[in-house]
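*Asks:* Using my numbering, you'd call the opening residue of the sequence shown number 2 and step up by one each time.
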Amino acid sequence: IELQKIKQKCPLYEATGNQVPKHKDEMVEREFNRLLDATSYLSHQVDFNYYNDIPVSLGQALEWVIKLQQKNVKHKQIQHLKAFITMQEKMKSNLNKMTDIQELLKSMKVEKDNCLAERGKGASGDNSILQEFNLRRLNREMTQLCNEYDSLVTQNNAIEDKLTQLEASPPSSVYLSVRDRQILDWHFANLEFANATPLGNLSLKHWDQDDDFEFTGNHLTVRNGYSCVPVALADGLDIKLGTSVTEINYAGPGVTVKAINP
2 IELQKIKQKC PLYEATGNQV PKHKDEMVER EFNRLLDATS YLSHQVDFNY YNDIPVSLGQ
62 ALEWVIKLQQ KNVKHKQIQH LKAFITMQEK MKSNLNKMTD IQELLKSMKV EKDNCLAERG
122 KGASGDNSIL QEFNLRRLNR EMTQLCNEYD SLVTQNNAIE DKLTQLEASP PSSVYLSVRD
182 RQILDWHFAN LEFANATPLG NLSLKHWDQD DDFEFTGNHL TVRNGYSCVP VALADGLDIK
242 LGTSVTEINY AGPGVTVKAI NP
């Protein structure tokens with residue numbers, strides 16, 4: 002028997018005749034394995050094997066997990082949009098505060114200019130003390146407002162950076178594209194071929210029960226054909242072709258076969 006290792010590389014081709022890109026093939030295969038792991042978890046860890054007292058099939062479980070993944074994608078989209086809106090609302094609030102500060106600084110500058118003009122006229126006594134107090138108060142409050150304004154500018158710059166990052170890395174809009182689903186369906190079909198039945202006929206709980214007893218090692222094929230086995234077993238035997246057997250006798254040390262010569 003001439004044995005030959007079967008290459009593990011199995012390139013997939015699309016309906017157009019083009020080979021599926023390697024990164025796409027590997028990505029979908031990883032997702033296929035993740036789906037099988039998820040269904041195994043549902044069965045063996047959560048013990049979700051019946052729905053309305055009817056056994057769940059592997060095909061049903063796979064489609065349910067896919068729908069849950071699609072729902073999760075939509076949830077991530079919603080969270081992304083909420084984060085975007087939150088950042089925009091924060092920036093809007095800061096801009097409103099900055100506008101209020103600008104208006105307040107303008108009015109305080111007018112008040113300060115008036116105080117300076119009054120002091121220039123040479124006020125004395127209590128009026129002079131009051132003018133000095135108002136000038137110092139205005140200077141202190143205007144400095145505080147300027148610091149607050151600068152802080153808001155810094156916050157808005159950080160918010161703009163976060164908004165840019167959110168815009169540059171939006172979550173996927175779909176769990177599987179049409180192209181991805183076609184490749185995934187090939188893996189499903191291959192699994193059906195390996196089990197000789199549609200996935201809808203496979204028990205979620207029991208379909209992989211023989212995994213622990215699979216043979217290890219390389220997959221092999223017989224180069225000179227599987228017929229070499231019966232041919233080798235028949236080597237040295239007196240084989241008559243086109244002959245009718247009339248009697249087979251198992252008595253004695255061996256077996257006696259009687260036939261009619263045509």
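Beta carbons are placed, not taken as given, at the ideal position from N, Cα and C, and that holds for glycine.
1. Just to confirm, is the Cβ distance from M92 to L36 under 9 Å?
2. Does the stretch 143 to 156 come into contact with the stretch 54 to 61, if we say contact requires no fewer than three beta-carbon pairs (one atom in each stretch) closer than 8 Å?
3. Would you be able to state if there are at least three C-beta pairs under 8 Å between the stretch 83 to 103 and the stretch 162 to 178?
4. What does N225 pair with, by DSSP beta-bridge criteria?
5. Express the C-alpha separation of Q71 and I79 in angstroms, rounding to a whole number.
6. Kindly list the residues whose CB is nearer than 6 Å to the CB of P172, restricted to its own chain and excluding five residues on each side of it in sequence; keep chain order.
7. Distance, Cα to Cα, P199 vs Y227?
8. For V230, name the three-state secondary structure that DSSP assigns.
9. Can you check which of these residues, L192, E30, N95 and K10, is closest to C158 by C-alpha distance?
10. Based on the DSSP secondary-structure assignment, which residues constitute the bridge partners of V246?
11. Could you check if V29 is buried or exposed, using at least 16 other CB atoms within 10 Å of its CB as the buried criterion?
12. Measure the CB-CB distance between T3 and V232 and report whether it falls below 9 Å.
13. Measuring CB atoms only, is the stretch 39 to 50 touching the stretch 203 to 214, in the sense that at least three cross pairs come out at less than 8 Å?
14. By a C-beta neighbour count over all protein chains shown, 10 Å radius and 16 as the cutoff for buried, is L203 buried or exposed?
15. To the nearest angstrom, report how far apart L105 and Q145 are at their CA atoms.
16. Assuming Q132 contacts R141 under a Cβ cut-off of 8 Å, what Cβ separation, rounded to an integer in Å, is found between them?
17. Is I102 near L177, with beta carbons less than 9 Å apart?
18. If I follow the unbroken beta strand (DSSP E) through Q5, where does it start and stop?
19. According to DSSP, is S94 part of a helix, a strand, or is it coil?
*Replies:* In short, the structure shows the following:
1. To locate residue 92, count along the sequence shown from 1; it is residue 91. To locate residue 36, count along the sequence shown from 1; it is residue 35. Cβ atoms of M92 and L36: not closer than 9 Å.
2. no
3. yes
4. Against the sequence shown, residue 225 aligns to sequence position 224. The partner list for N225 (beta bridge, DSSP) is empty, contrary to what the question assumes.
5. In the sequence shown, counting from the first residue as 1, residue 79 sits at position 78. In the sequence shown, counting from the first residue as 1, residue 71 sits at position 70. The straight-line gap from Cα to Cα measures roughly 13 Å.
6. Within the sequence shown, residue 172 is the residue found at index 171, counting from 1. Taken in chain order, the residues that qualify are K77, Q78 and H81.
7. Translated into the one-based positions of the sequence shown, residue 199 becomes position 198. Translated into the one-based positions of the sequence shown, residue 227 becomes position 226. P199 and Y227: Cα-Cα distance of roughly 28 Å.
8. In the sequence shown, counting from the first residue as 1, residue 230 sits at position 229. V230: helix per DSSP, three-state reduction.
9. As a working mapping, residue 158 is identified with position 157 in the sequence shown. The sequence shown places Asn at residue 158, rather than the Cys named in the question. The shortest Cα separation from N158 among L192, E30, N95 and K10 belongs to N95.
10. Reading the sequence shown from its first residue, position 245 is the one you call residue 246. In DSSP, V246 forms a bridge with A260.
11. Translated into positions along the sequence shown, residue 29 becomes position 28. It is buried - the Cβ of V29 has at least 16 other Cβ atoms within 10 Å.
12. Sequence index remark: in the sequence shown, residue 3 carries index 2 (1-based). Sequence index remark: in the sequence shown, residue 232 carries index 231 (1-based). Looking at the sequence shown, residue 3 is not Thr but Glu. Contact: no.
13. yes
14. Indexing the sequence shown from 1 puts residue 203 at position 202. Buried, by the Cβ-count rule.
15. As a working note, residue 105 is residue 104 in the sequence shown. As a working note, residue 145 is residue 144 in the sequence shown. So the alpha carbons of these two residues sit roughly 12 Å apart.
16. To locate residue 132, count along the sequence shown from 1; it is residue 131. To locate residue 141, count along the sequence shown from 1; it is residue 140. Not really, about 15 Å apart at Cβ, beyond 8 Å.
17. Numbered from its first residue, the sequence shown carries residue 102 at position 101. Numbered from its first residue, the sequence shown carries residue 177 at position 176. In this structure, L177 does not lie closer than 9 Å to I102 by Cβ.
18. Looking up residue 5 in the sequence shown gives position 4. Here the beta strand (DSSP E) through Q5 covers L4 to K6.
19. The count along the sequence shown starts at 1 and reaches residue 94 at position 93. Three-state result, S94: helix.
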